[in-house]
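Here's the structure we're looking at; comments come further down.
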Amino acid sequence: MSFLGPLVAAALALAKPAPGAEPPPGFTGRCEPLPREFHEGLVGNGYREGCPVPLGELRLARITHRDFQGKVAEGQLVVHREICEEVVEIFRELFELGFPIEKMRPIHHYAGDDRKSAADNNTTAFHCRRSTGKPAEFSIHSFGLAIDVNPRQNPYLVNERVIPEEGRAFLDRQQARPGMIQRGDGAYRAFIGRGWRWGGDWKKTRDYQHFERQIRRITRKSDRGDLPGGASSPRSSP
Ligand SMILES: [Zn+2]
């Protein structure tokens, strides 16, 4: 037996990831059909009959991201199938920039409650609900064509309200801090360079967390008064 034999064997053993180990530190991202448990979870918790896009048109993007401690975690975004691969590429770019994201969980983890999701600083995409600013319309999140990124670092200002309330500490948009989006920065360009629009560029309200991608003409008008509204809407039931 050679002298190196045991050393090589030991090195190989070290290189093998232990079962249950954290994901590798590099970026991984892929699009999958929406798993059955997501269908079941979303019905009544972010999706219901009469929503403009059927669940079959949605995809699950499994994406690794860095959190605010610099650790790599897996996140999940539910988006429209037509933009899923593009979303993976955007988040690959954010990963390579070192842009931190606290968490990415589909809206049914919050029982379809946008306020709870935002207060938990959750980054989320699909959510069939009325528009926060225009209650007679579906939010573009209803089509799986919008993503809210780090709501705490990027709050929504509407009617003199700050959503989530925890975002009040981030109202000074000139003071760059991790996880914040500023016009022209790397995270902004990752979206805008691919044809997305940013809510921070809107005139009447400022929705710093919001990016949207209009892939075609969509009809947003909704007569569905029974749909839940966005984070600023008073809830009719507890
Ligand atoms: Zn949004």
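Residue numbers 693 to 930, in the working numbering, belong to the letters of the sequence shown in order. Where a beta carbon is used, it is the ideal one built from N, C-alpha and C, also for glycine. If you're wondering where the values come from, they're calculated on a predicted model, not measured in any experiment.
Considering only heavy atoms of ligand 1, does any lie closer than 7 angstroms to the CB of residue i?
i    : result
P840 : Pro is not the amino acid found at residue 840; the sequence shown has Asp there. Checking every heavy atom of ligand 1 against the Cβ of D840, one is found closer than 7 angstroms.
H772 : no
Q867 : no
Q768 : no
Q761 : no
D812 : no
D805 : no
Q874 : no
D899 : yes
H801 : no
H731 : no
H902 : yes
H757 : no
Could you give the DSSP three-state label for residue i: helix, strand or coil?
i    : result
C723 : strand
F791 : coil
L704 : Reliability fails at L704, whose pLDDT of 48 lies under 50, so the model's placement of it is uncertain and the value that follows must be treated cautiously. It is helical.
S928 : Confidence at S928 is low in this model, with a pLDDT of 30, below 50, so its placement is unreliable and no value can be given for it.
R905 : coil
I910 : coil
How about residue i and residue j: do their beta carbons lie closer than 8 angstroms?
i    : j    : result
L769 : E724 : no
N851 : I873 : no
G871 : P792 : yes
E904 : W894 : no
L750 : V780 : no
T897 : L849 : yes
I782 : R886 : yes
S831 : R822 : yes
L837 : I775 : yes
A868 : E785 : no
Q901 : N842 : yes
K795 : N814 : yes
E858 : R844 : yes
A811 : P856 : yes
H757 : F730 : no
C820 : R740 : yes
F835 : I884 : no
L789 : A879 : yes
A764 : P717 : The identity of residue 764 in the sequence shown is Val, whereas the question assumes Ala. It is a contact, given that the beta carbons lie within the stated cut-off.
F818 : H833 : yes
message = If we require 4 or more residues per run, which alpha helix (DSSP H) segments fall completely within the region 733-815?
response = 776-789 and 806-811
key: Residue ranges of each alpha helix (DSSP H) within the region 805-891, 4 or longer   = 806-811 and 878-884
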